[in-house]
Structure formats: structure tokens, C-alpha cells
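Presented below is the structure to which this report refers.
The structure is reproduced here in C-alpha cells:
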């Protein structure tokens, strides 16, 4: 699979040594995240070609470390053609017996558009293949959207010290990954400061830590967070006080 992907991308680079800076994104996913349930026969992934030209689309799955081995999902088709101003559909099938049965799991879905060749007289145009990447959350039987929305309320916070640095640690006892919309800290009613690395998700039944700025003094720290729900919007704003 990796060799196949690299071969296509290398071919794109060779064919696209063109010289202008007009870049138009063609194909994009309709949603910003996908939730796949093991109880469903398949999960559709809608894609849209906003261009008036026909594009090819290559798609593949990876884990959060960028590896494409042992992915418990089947994605079809790996390559498809989408005509201008048309929609296309990918399909995900969950291999039920190969996913964790007590918690959510998550993978990356990459969508690599393959632009059409430049037409006569347009040989100076730079053809750029735009790649989209979105998370696929896979849920076994018993997990649902309502439970995912409540998961952020279960987070607990503490400050740890290690190697001369202080860390804000989020512990997640729920069965769901938590994606932050906002994650910020403040002291004494002062301005909120966005926490570095907030894209790192506290995993189910696990924890994730984030570096605290050295400017934070002793005393109380207010943590403010929101979680992204299944449709890409933000849930309610939550707060907790933590001692430094």
C-alpha cells in the first residue's frame, strides 16, 4: 500500500513541474470527522468536487502514528474518479472482531486529489495536489453519540512536575477520545492562555499531558475546555480549578 501511494505521489510531482502559482482545491470531504459504528453494515464518506474539472481521488487509512498496517477497517474504492461539480462516496467497513470492544479507537483517513493534466495553452500552470486528512472514530457496540458528548465532563486535571518542567495532565476515565475545541488556562481572573499541544487527545481510559508556560505562578489555575462533538461543533464550556 505504501509503495503504491508513493508511486502515485512521485508521478504527480514529476508531471507537475509546471510554473505558475494558481492553486485551486478540487476535491474535499463533506464532513470534518467520521464516526463509524461496528453495528453498521458500512459507513459512507461523502466527498465533493468543487472544481469544474474531473479529478481522481486516492484514499487510504493510517493509525495515529502514521502506520497503515493492521488497520481494522476496509476502505473502498482506494482510487476513484469524480467529475466536475459532482459528489462521490467512499465506504468504510469495520472489522468488528479486530477493534477494542470496551473503548473507541481512532484512525486517519487521507484524501489525495489527483488534478487533471494541464490543457493546451496552460502548460505554465502549477498543478498542486491538495491532501485532506480527517479522523475516523470507530465505536464498538454499546458506545454512542450521547455518551461521547458527556465524556468531556468526566475529565479530571492535575499539575505534575518532571525534568524541571510543569505539566497539565488530563485524565479521561471514559470510553471515548476527547478532541478539544478550546483548551486554555488562566490565573486570578486574568486573560486566558491557549494550552500548547491541545490537538493531542486524551485517550479512552488514559491520560494526556500538556506543557505549562513558565509564567504561571503558584496558587490556583483555572482550566477551560470545550470538546468537539460528532458533527464538528463545540459542546458546552467546562471549567475546573487546579492547584499549582
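In mature numbering (1 follows the signal peptide of the UniProt record, and there is no 0), the protein residues as written are -25 to -1, 1 to 219.
Think of the CB as a built atom: it goes at the ideal place given N, C-alpha and C, for glycine as much as any other residue.
Cβ pair residue i, residue j closer than 7 Å
i	j	result
residue 203	residue 154	yes
residue 188	residue 109	no
residue 105	residue 63	no
residue 176	residue 152	yes
residue 113	residue 217	no
residue 11	residue 111	yes
residue 199	residue 214	yes
residue 57	residue 24	yes
residue 36	residue 50	yes
residue 145	residue 132	yes
residue 91	residue 29	yes
residue 86	residue 107	yes
Exposure label - residue i; buried when at least 16 CB within 10 Å
i	result
residue 209	exposed
residue 206	exposed
residue 183	buried
residue 2	buried
residue 186	exposed
residue 26	buried
residue 125	exposed
residue 211	exposed
residue 127	buried
Opposing strand residues paired with residue i [DSSP bridges]
i	result
residue 3	23
residue 37	83
residue 182	146
residue 200	158, 213
residue 176	For residue 176, which the question treats as bridged, DSSP gives no partner whatsoever.
residue 32	55, 88
Distance between beta carbons of residue j and residue i, contact taken as under 8 Å
i	j	result
residue 14	residue 116	5 Å
residue 33	residue 19	About 18 Å; that fails the 8 Å criterion.
Check: residue i C-beta below 6 Å from any heavy atom of the ligand NAD
i	result
residue 141	What this structure holds is no ligand at all, so the ligand NAD is not there to describe.
Any chain E beta carbon closer than 7 Å to residue i
i	result
residue 180	Absent from the structure: chain E. Only one protein chain is present.
- Within the stretch 42 to 74, ranges of the beta strand (DSSP E) (whole runs, at least 3 residues): Taken in chain order, the complete beta strand (DSSP E) segments of 3 residues or longer contained in the stretch 42 to 74 are 48 to 51, 54 to 57, 62 to 69.
- Query: What are the start and end residues of each continuous alpha helix (DSSP H) run of 4 or more residues lying completely inside the stretch 85 to 172, in chain order?
  - Reply: 120 to 126, all fully within the stretch 85 to 172.
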